[in-house]
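See below for the structure under consideration.
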Amino acid sequence: MAQMEPNLDHDVSWFLLPSYWAKMVVALISFLCFANSYDGDFVFDDSEAIINNKDLRAETPLGDLWYHDFWGSKLSSNTSHKSYRPLTVLTFRINYLFAGGFYPVGFHVINIVLHCTISVLMVDVFSILLGGLQFNNKGRRLNLAPKSSLLAALLFAVHPVHTECVAGIVGRADLLCALFFLLSFLGYCKAFRESKEGYTFSVFWVLMSVILGAIAMLCKEQGITILGLNAVFDALVINKINLLELIRKLVYKDKSLENAGLLRKGLLFRITLLMCGGAGILYIRWRIMGTGPPAFTEVDNPASFADSLFVRAINYNYYYSLNAWLLLCPWWLCFDWSMGCIPLIKSVSDWRIIALAALWFCLIGLICQALCSEDSHKRRILTLGLGFLIIPFLPASNLFFRVGFVIAERVIYLPSIGYCILFTYGFSLLSKQAKKKKILAVAVLGILLINVMRCALRSSQWRSEEQLFRSALSVCPLNAKVHYNVGKNLADKGNQSAAIKYYREAVRLNPKYVHAMNNLGNILKERNELHEAEELLSLAVQIQPDFAAAWMNLGIVQNSLRRFEEAEQSYWTAIKHRKKYPDCYYNLGRLYADLNRHIDALNAWRNATVLKPEHSLAWNNMIILLDNTGNLAQAEAVGREALELIPNDHSLMFSLANVLGKSQKYKESEALFLKAIKANPNAASYHGNLAVLYHRWGNLDLAKKHYEVSLKLDPMAPGTKENYNLLRRKLEQLQKKGGA
């Protein structure tokens, strides 16, 4: 056996539990933190990644997942974010199929279970990172830091910054990535066995760790970084390389590099396997993704669009300091940190420069200790802590490519492993110096308890969009997207007056926020404030000329203002920018109907139904227009075609029943009217038109009954009262004749 290193647990005043019980405690506490998110809704990005993602549906070929991004767009598309996570999407698809639809409970439960599993694995991972990789005489791995590994795993399990990954369903990408990331690390550790000559290794398990790293990357891009961390672990723990000594010998071209451990048996071979595996994985992903960079806008990541290299560098470093602060003090959490939430630093006189200085002061101090300390145990733990903190964060750092966010709490899930290592090591140093170790242990226990409560509170905020969006108002009051999302949520609930207030604030904070302008213009249009709506929508398409939805809404407003030529031009511009736009064809058809261009109207509505066969409004308008123009046979044919595609649509049943009644097909018409009434019994017009059918048919008692029901539901129903009075007079006349 190898020589025993100093035991970190010796100075740590913490609970000592058997491995099985330690894992049970970690699993239970991690479950308690996020259990109240199990019945939450689909929120924020869940809509695009799950509800609107066609890759989840059974009719989409399974093979398409390998050529689409995380959001269901083709990777070759110019609008794709190039986020290639097919295995994560596959788990969403399985969730959807087993649940039989979009029921969020199953999605949330899987996320909670994944986090609990990862937290349990952390006990083993931290026992290796903090205690080293050593074995007993029977070849079983020893846990030389049971107390420290339990503390570090608890810190990880209850960290509030993980809430987005666990309570937000799209966070499953980070959870699955972390799971296979840890399995890759544990698989790499499994490759080694101690012998009298040192360590022997298994090529199979090294290759297995590469495969697990590839699987991690297919869940989320950060997964590839485990291969680099495995190499660092090999160098520091297995080969016990002193990095400072190695650097000195490389600089001075010392021929005794073998003594530094670089050429020890198998190290270069294993690192070559890791490098070749990583290069192969990246090449395959590059070929699938294509060479084009992701399409992001300035509001997503303002610093990356700054002209000055100085401004870019200083803001990137400020973002790093904010990420570090979220690990240290995860109190101010927000679902989105873009759109003015963090104003750019443009000069060195900005007081926020202090945060950068503090970050680099701490990092440089830790790096110096990791390189220069004479204590090999200290060097190893600090280097591993910094490695796990920094390396998984590199894909999100803007150093290699532009990312589509300023800060994203989800990307700190893996780097928090390094934070937990450094925190635990710092706690051990304090415990060593402290005279009253129990007070220190109580303080750490208090931190854990506060974090548990913070997780539970934050999880409850992620249960609904209303709570999530409102929670961000106090954290990022300058974020236009926060105000936009609060406004959108209010508008969806019918509270237009409140929604207008938040949309206006979003536009004030970001005068180029075209989506806020479009939504605000829509509400103003519905409130008949047409001139202001036109101004907003015109500005939106001026800022973003290819914004198809804004062009369509502008056309609707212009149509309402009776500027028909401009409206037609706006509709066609929308269709030019979005070829498959059924709603725009539907509105274009309404414009043509208003202009009595009946053939053009029917063609536009037919285009809408071709693009979207379940477009009920377009089908209905075709039936009604054909009915009103006396083309009953054609109206009947269209109605039957529509009902074959949408058999349970009561409005189509009603329209076709009207046509059949006029064609004197009373029995079939009656059946459709009754079916429509069964589906929607409170529609006054359904009862009124059925009464007219009975009136024509001569079933006067049934006609009287349905006229009365219609008038009860809507006393002001047009024509119904007159028809009812006519029927009553007719019945009275019949009664008089019968009495005579």
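1 is the number of the first residue of the sequence shown in my numbering; add one for each residue after it. Idealized CB from N, CA, C, for every residue including glycine.
Residue range of the alpha helix (DSSP H) that includes residue i
{"i": "H747", "result": "Any answer about residue 747 is impossible in this case: the structure gives the chain only from 1 up to 740."}
{"i": "W605", "result": "H598 to L611"}
{"i": "S459", "result": "K437 to Q461"}
{"i": "E48", "result": "Run containing E48: none; DSSP gives neither H nor E here."}
{"i": "N518", "result": "V514 to E526"}
{"i": "E644", "result": "L632 to L645"}
{"i": "C584", "result": "P582 to D594"}
{"i": "V692", "result": "A684 to W697"}
{"i": "L758", "result": "Shown here, the chain extends from 1 to 740; a query on residue 758 therefore has no answer."}
{"i": "N479", "result": "Run containing N479: none; DSSP gives neither H nor E here."}
{"i": "T573", "result": "F564 to H577"}
{"i": "G171", "result": "Premise fails: G171 is in no alpha helix (DSSP H) and is neither H nor E."}
{"i": "F92", "result": "P86 to A99"}
{"i": "D627", "result": "S616 to N628"}
{"i": "F388", "result": "S376 to I390"}
{"i": "N323", "result": "L309 to L328"}
{"i": "Q369", "result": "I353 to C372"}
Which residues DSSP lists as bridging residue i, in chain order
{"i": "H706", "result": "None; H706 has no bridge partner."}
{"i": "F201", "result": "F192"}
{"i": "H68", "result": "K74"}
{"i": "F269", "result": "Partner(s): none; F269 has no beta bridge."}
{"i": "I141", "result": "According to the sequence provided, residue 141 is Arg. The question's Ile does not apply to it. According to DSSP, R141 bridges with F135."}
Residue environment, residue i, which counts as buried when at least 16 other CB atoms sit within 10 Å
{"i": "C329", "result": "exposed"}
{"i": "W605", "result": "buried"}
{"i": "N413", "result": "In the sequence on display, residue 413 carries Tyr and not Asn. So Y413 counts as buried."}
{"i": "E565", "result": "exposed"}
{"i": "L734", "result": "exposed"}
{"i": "I241", "result": "buried"}
{"i": "D300", "result": "buried"}
{"i": "S655", "result": "buried"}
{"i": "E732", "result": "exposed"}
{"i": "Q461", "result": "buried"}
{"i": "A306", "result": "buried"}
{"i": "S37", "result": "buried"}
{"i": "M716", "result": "exposed"}
{"i": "R93", "result": "buried"}
{"i": "K737", "result": "exposed"}
{"i": "D174", "result": "buried"}
{"i": "A260", "result": "Confidence at A260 is low in this model, with a pLDDT of 47, below 50, so the placement of that residue is unreliable and no value is reported for it."}
{"i": "S474", "result": "exposed"}
{"i": "N518", "result": "buried"}
{"i": "I417", "result": "buried"}
{"i": "T225", "result": "buried"}
{"i": "P343", "result": "exposed"}
{"i": "Y419", "result": "buried"}
Beta-carbon proximity list for residue i, same chain, < 8 Å, skipping 5 on both sides
{"i": "F15", "result": "K147 and L150"}
{"i": "V158", "result": "I29, S30, C33, L448, N451, V452 and C455"}
{"i": "L713", "result": "N682, A683, A684 and H687"}
{"i": "N559", "result": "A567, N587, R590, L591 and D594"}
{"i": "F547", "result": "V514, N518, A540, V541 and H577"}
{"i": "I345", "result": "V311, I314, N315, Y318, R352 and I353"}
Cβ distance (whole Å) where residue i is taken to contact residue j below 8 Å
{"i": "I141", "j": "L133", "result": "Here the sequence assigns Arg to residue 141, which means Ile is not the residue at that position. At roughly 7 Å, the Cβ-Cβ gap stays under 8 Å, so R141 and L133 are in contact."}
{"i": "K23", "j": "V123", "result": "5 Å"}
{"i": "G40", "j": "R458", "result": "Not quite, the Cβ-Cβ distance comes to about 12 Å (not below 8 Å), so this is no contact."}
{"i": "G387", "j": "L229", "result": "6 Å"}
{"i": "L611", "j": "K580", "result": "5 Å"}
{"i": "S428", "j": "D11", "result": "5 Å"}
{"i": "K138", "j": "S338", "result": "Contact flag wrong, Cβ pair sits at about 55 Å."}
{"i": "A231", "j": "I281", "result": "About 14 Å; that fails the 8 Å criterion."}
{"i": "T88", "j": "R172", "result": "6 Å"}
Proximity test, residue i beta-carbon vs the ligand GDP heavy atom, cut-off 8 Å
{"i": "W205", "result": "Although the ligand GDP was asked about, the structure shown includes no ligands whatsoever."}
7 Å Cβ shell around residue i - same chain, five flanking residues per side excluded
{"i": "P749", "result": "With the chain represented from 1 up to 740, any question about residue 749 goes unanswered, as that position is not in the structure."}
{"i": "S304", "result": "R312, N398 and R402"}
{"i": "L468", "result": "V43, F44, F335, Q461 and W462"}
{"i": "I128", "result": "C189"}
{"i": "A153", "result": "V26, S119, M122, V123 and F126"}
6 Å Cβ shell around residue i - same chain, five flanking residues per side excluded
{"i": "E636", "result": "V659"}
{"i": "L643", "result": "L652"}
{"i": "E759", "result": "Lying outside 1 to 740, the shown extent of the chain, residue 759 is not represented and no answer is given."}
{"i": "L490", "result": "A498 and A499"}
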